[in-house]
Structure formats: C-alpha cells, structure tokens
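Undergrad:
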Amino acid sequence: SQTIHQWPATLVQPVGSPLSLECTVEGTSNPNLYWYRQAAGRGLQLLFYSVGIGQISSEVPQNLSASRPQDRQFILSSKKLLLSDSGFYLCAWAPLEGIREQYFGPGTRLTVT
Amino acid sequence: QKEVEQNSGPLSVPEGAIASLNCTYSDRGSQSFFWYRQYSGKSPELIMFIYSNGDKEDGRFTAQLNKASQYVSLLIRDSQPSDSATYLCAVNSGDGMRFGAGTRLTVKP
Chain A
1 SQTIHQWPAT LVQPVGSPLS LECTVEGTSN PNLYWYRQAA GRGLQLLFYS VGIGQISSEV
61 PQNLSASRPQ DRQFILSSKK LLLSDSGFYL CAWAPLEGIR EQYFGPGTRL TVT
Chain B
1 QKEVEQNSGP LSVPEGAIAS LNCTYSDRGS QSFFWYRQYS GKSPELIMFI YSNGDKEDGR
61 FTAQLNKASQ YVSLLIRDSQ PSDSATYLCA VNSGDGMRFG AGTRLTVKP
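Listed below in structure tokens is the structure:
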C-alpha cells in the first residue's frame with residue numbers, strides 16, 4: 001500500500017529564515033506530487049505540482065520554491081520566510097492514471113514569528 | 001474562473017440524523033468529484049469519489065452527482081459524534097483538482 005510522509009510535523013521559524021519541508025511517497029512509482037497551503041480556517045491553496053523528476057509547475061507567485069530531486073521526493077523551500085507564510089503545508093500524491101484522486105500526507109504546521 | 005462552492009456552515013445535526021452536505025461547481029467539463037473529511041488539526045482524508053450521474057453508496061455515506069445541475073452532495077446516515085469534521089468537496093476538471101473551502105459539520109450527542 002502507498003504511504004506518504006512529511007517532516008517536520010511542526011516548525012516555528014523567525015521571519016527571514018530559510019525553510020525546507022520534505023515529502024516522500026512509498027509504494028508507488030511516477031506519482032503526481034502536490035504542495036498545498038491551508039491558512040487557519042481557510043481552504044486549500046495549491047502552491048506547486050510536479051508530474052516528474054525536475055518538472056515543477058507553480059500556481060502562485062511567491063517567495064517559495066519546490067524541487068523534485070527523486071521520483072518520490074518533493075521538497076518545498078524558501079530563502080527568506082515572511083509572516084504570511086505561516087500555515088498548514090500539505091503534500092499530496094496522485095496516481096498517473098485513472099481519476100487521479102489525491103492522497104494527503106500528515107502535514108507540517110509552520111509558524112513564522 | 002473555475003470555482004467550487006460549499007456552504008461554510010457550521011451544520012449541526014443530532015446524533016442518528018442524516019447530514020446533507022452540498023457542493024456546486026462552475027466548470028461543466030469537470031470529470032470526477034471527491035469528498036474529503038478533515039478533522040481539526042489533521043490533513044484531509046479521502047472518503048468517497050464519484051464520476052457518473054446518480055448515487056454511490058459506501059457504508060453510511062452516499063455521494064450524489066447531478067452533472068446537468070453541476071451539483072454534488074454527500075449524505076451521512078446515522079450521524080455519529082465522530083463524524084464531526086470539516087468536509088471538503090473537490091472537483092477534477094482534467095487540468096487539476098479544485099477544492100471548496102469546506103463545510104464544518106457538528107454532530108451533537
């Protein structure tokens with residue numbers, strides 16, 4: 001069965017500091033991968049998605065970036081965090097074929113102080 | 001702009017009642033439809049999907065789809081306090097998944 005991991009689970013970072021969040025998927029090959037952000041009490045905002053190694057599409061221009069160095073690894077980064085970057089960051093994977101339902105990881109709760 | 005709309009709630013039902021959650025979408029080209037449950041502080045969990053007009057049942061959950069009206073709903077029968085959560089509707093239009101903001105459901109014992 002497929003499993004998706006995210007770490008860290010929680011993070012408190014000062015404004016201006018760098019960020020690196022990691023997501024890995026087990027039990028599947030060539031998944032589509034996604035990064036979402038959910039602000040408190042709000043819906044899901046798609047940040048990035050990837051259909052393969054090194055292939056990243058950005059949905060929202062901002063100070064965040066994403067990379068996919070391996071088939072089942074997806075990384076979200078920032079060089080300098082802003083207060084507005086606080087939120088719940090979710091990684092999701094979807095199979096390449098079929099209805100492409102998305103499965104979410106446990107999430108990383110980021111607080112920028 | 002392709003949109004997915006849900007009533008934010010809160011929707012409150014007594015234990016044992018039927019909870020009805022509704023969702024409308026704007027893109028007529030939408031192909032598949034999903035319901036996720038999100039407990040407070042947790043990530044969304046896929047509970048059902050549907051892609052054909054009509055009803056699809058899974059245990060206490062029934063998803064209903066009406067493509068002509070661009071409407072999808074989720075019925076929860078015999079609601080339990082453990083069903084209290086935010087329910088997200090999602091729509092896949094082929095160019096990506098779009099999520100509604102969610103409906104918060106509270107089931108009162």
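Heads up: the protein sequence lines correspond to chains A and B, in order.
The numbers in my numbering rise by one with no breaks, and the one at position 65 of the first sequence is 65.
The numbers in my numbering rise by one with no breaks, and the one at position 72 of the second sequence is 72.
We treat Cβ as the ideally placed atom computed from N, Cα and C, and that holds for glycine.
The structure displayed is predicted, hence computed values, not measured ones.
Nearest chain A C-beta to leucine 46 of chain B closer than 8 angstroms, yes or no?
TA: Start at 1 with the first residue of the second sequence, and residue 46 of chain B comes out as number 46. Yes, leucine 46 of chain B counts as interfacial toward chain A.
Undergrad: Buried or exposed: where does valine 60 of chain A fall if 16 or more other Cβ atoms within 10 Å of its Cβ makes it buried?
TA: Translated into the one-based positions of the first sequence, residue 60 of chain A becomes position 60. By the neighbour-count rule (16 or more Cβ atoms within 10 Å), valine 60 of chain A is not buried but exposed.
Undergrad: I need the straight-line Cα distance from glycine 54 of chain B to alanine 68 of chain B, nearest angstrom please.
TA: Against the second sequence, residue 54 of chain B aligns to sequence position 54. Against the second sequence, residue 68 of chain B aligns to sequence position 68. If you take the alpha carbons of glycine 54 of chain B and alanine 68 of chain B, they lie about 11 angstroms apart.
Undergrad: Assign serine 20 of chain A to buried or exposed, taking buried as 16 or more other Cβ atoms, counted over all protein chains shown, within 10 Å of its Cβ.
TA: The residue labelled residue 20 of chain A in the question sits at position 20 within the first sequence. The residue in question, serine 20 of chain A, is exposed, as its Cβ has fewer than 16 Cβ neighbours within 10 Å.
Undergrad: For chain B, find out if any of its Cβ atoms is closer than 8 angstroms to the Cβ of glycine 27 of chain A; answer yes or no.
TA: Residue mapping note: residue 27 of chain A aligns to position 27 of the first sequence, counting from 1. Look at glycine 27 of chain A: its C-beta is not under 8 angstroms from any C-beta on chain B.
Undergrad: Below 8 angstroms between beta carbons is the criterion; list the residues of the segment 42-55 of chain A that meet it against any residue of chain B, in chain order.
TA: Arg42, Gly43, Leu44, Leu46, Tyr49
Undergrad: For glutamine 62 of chain A, which residues in chain B fall below 8 angstroms Cβ to Cβ?
TA: Counted from its first residue, the first sequence places residue 62 of chain A at position 62. Those do not exist, as glutamine 62 of chain A stays about 18 angstroms from chain B at its closest Cβ, beyond 8 angstroms.
Undergrad: If you follow the beta strand (DSSP E) that alanine 90 of chain B is part of, which residue opens it and which one closes it?
TA: Reading the second sequence from its first residue, position 90 is the one you call residue 90 of chain B. Element bounds for alanine 90 of chain B: 85-92.
Undergrad: At a cut of 8 angstroms, does the segment 36-51 of chain B reach the segment 101-111 of chain A through at least three beta carbon pairs?
TA: yes
Undergrad: Find out if the Cβ-Cβ distance for the pair glutamine 31 of chain B, asparagine 92 of chain B is shorter than 8 angstroms.
TA: Against the second sequence, residue 31 of chain B aligns to sequence position 31. Against the second sequence, residue 92 of chain B aligns to sequence position 92. Yes; because the gap between Cβ atoms is below 8 angstroms, this pair is in contact.
Undergrad: Tell me which residues of the segment 97-108 of chain B have at least one Cβ-Cβ distance to chain A shorter than 7 angstroms, keeping chain order.
TA: Met97, Phe99, Gly100, Ala101, Gly102
Undergrad: Rounded to the nearest angstrom, how far is the Cβ of glutamine 6 of chain A from that of valine 112 of chain A, given a contact under 8 angstroms?
TA: Start at 1 with the first residue of the first sequence, and residue 6 of chain A comes out as number 6. Start at 1 with the first residue of the first sequence, and residue 112 of chain A comes out as number 112. In fact, because the Cβ distance is near 18 angstroms, the residues do not count as touching under 8 angstroms.
Undergrad: On the three-state DSSP scale, how would you describe serine 77 of chain A?
TA: Locating residue 77 of chain A in the first sequence gives position 77, where the first residue counts as 1. Strand at serine 77 of chain A.
Undergrad: Along the chain, where does the beta strand (DSSP E) containing glutamate 26 of chain A start, and where does it finish?
TA: As a first step, residue 26 of chain A must be located in the first sequence, where it is residue number 26. Here the beta strand (DSSP E) through glutamate 26 of chain A covers 19-26.
Undergrad: Where do the N-terminal and C-terminal ends of the beta strand (DSSP E) with glutamine 102 of chain A fall, by residue?
TA: Taking the first residue of the first sequence as position 1, residue 102 of chain A is located at position 102. It is not in any beta strand (DSSP E) - glutamine 102 of chain A carries neither H nor E in the DSSP assignment.
Undergrad: Sorted by chain position, which residues of the same chain lie with C-beta nearer than 7 angstroms to serine 84 of chain B's C-beta, five sequence neighbours on each side aside?
TA: Counted from its first residue, the second sequence places residue 84 of chain B at position 84. Hits under 7 angstroms: Leu105, Thr106, Val107.
Undergrad: Any contact between the segment 50-64 of chain A and the segment 4-18 of chain B? By contact I mean 3 or more CB pairs, one from each, below 8 angstroms.
TA: Verdict: no, contact absent.
Undergrad: Taking CB distances under 8 angstroms as the criterion, tell me whether leucine 21 of chain A reaches chain B.
TA: Along the first sequence, read from residue 1 onward, the residue named residue 21 of chain A stands at position 21. It does not; no Cβ of chain B falls within 8 angstroms.
Undergrad: Cutting at 6 angstroms between CB atoms, please list the residues of its own chain near asparagine 22 of chain B, excluding the five before and the five after it.
TA: The count along the second sequence starts at 1 and reaches residue 22 of chain B at position 22. Answer for asparagine 22 of chain B: Ser73, listed in chain order.
Undergrad: The beta strand (DSSP E) spanning glutamate 57 of chain B covers which residue range?
TA: Residue mapping note: residue 57 of chain B aligns to position 57 of the second sequence, counting from 1. From DSSP, the beta strand (DSSP E) with glutamate 57 of chain B extends over 54-58.
Undergrad: Across which residues does DSSP place glutamate 5 of chain B in a beta bridge pair?
TA: Numbered from its first residue, the second sequence carries residue 5 of chain B at position 5. Under DSSP, the beta-bridge partners assigned to glutamate 5 of chain B are B/Thr24.
Undergrad: Do arginine 68 of chain A and glutamine 55 of chain A have their C-beta atoms closer together than 8 angstroms?
TA: On the first sequence, residue 68 of chain A is found 68 positions in, with the first residue counted as 1. On the first sequence, residue 55 of chain A is found 55 positions in, with the first residue counted as 1. Cβ distance < 8 angstroms, so arginine 68 of chain A and glutamine 55 of chain A count as in contact.
Undergrad: Tell me the DSSP secondary structure of leucine 82 of chain A in three-state form.
TA: Within the first sequence, the letter at position 82 stands for residue 82 of chain A. Shown here, leucine 82 of chain A sits in coil according to DSSP, grouped into three states, outside any helix or strand.
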